Amino acid sequence: MKLEKGNYWIEAGRKNRQIGFLDAGYLRKYYLKEGNEITDYFYFENDFTADLPSILSNTPPAASIVAMQNSSLVTFSYDDFNELCSASPPLEHLHRLIIEITFLRFYDRAVSFIMATPRERYDRLVSSRPDILQRVAQHHIASYLGMSPQHLSRIRAKK
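Quick note on my numbering: the sequence shown kicks off at 17 and runs consecutively.
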């Protein structure tokens, strides 16, 4: 599946039971709160992408996932994948790994907001994704880190 920049992979409120593997480009997951976009995650090449909470609870997603660059995904139905996993131990193992990685990603993000300073969150992000500053708009990075663009600017200036 090809997504042009600005096109949605998943739209808030519209059920989507697909899983995607991102071949090229990058996607941004965000929530809309009082008219403001709050960035929750960035998906880059070789990431699996889906709205697992909505898939697992069979509810419409609360977040949207949009292409921030022209992007390419391999997509498949979660239900078909689940069925295949039942018949294939290696696929079942992959399924479990995807769920575990997703859980750890959410857990680490929640803990970082409790335990880390904004500076530490910024440093961790840049050390884990050195290319992020070249690929992602500063206001999206600030939103992801839970700070204003001005605060991010001050942190970056002190480096």
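No residue lacks a Cβ here, since even glycine has one placed at the ideal position from N, Cα and C. Just so you know, these numbers come straight off a predicted model, no measurement behind them.
- In this structure, the alpha-carbon of I54 lies about 22 Å from that of L38.
- By the Cβ-count criterion, D96 is exposed, with fewer than 16 other Cβ atoms from all chains shown falling within 10 Å of its own Cβ.
- Fully contained in the segment 61-111 are the following beta strand (DSSP E) runs of length 3 or more, in chain order: 80-83, 87-93.
- Burial check for G29: the Cβ neighbour count within 10 Å stays below 16, so the residue is exposed.
- Per DSSP, R33 lies in no alpha helix (DSSP H) and is assigned neither H nor E.
- N52 has K49 as its beta-bridge partners, per DSSP.
- Counting only residues of its own chain and dropping the five nearest sequence neighbours on each side, D63 has a CB closer than 6 Å to the CB of L38.
- Around the beta carbon of Q150, a 10 Å sphere encloses fewer than 16 other beta carbons of the protein chains shown; the residue is thus reported as exposed.
- Residue range 24-26 is occupied by the beta strand (DSSP E) that includes Y24.
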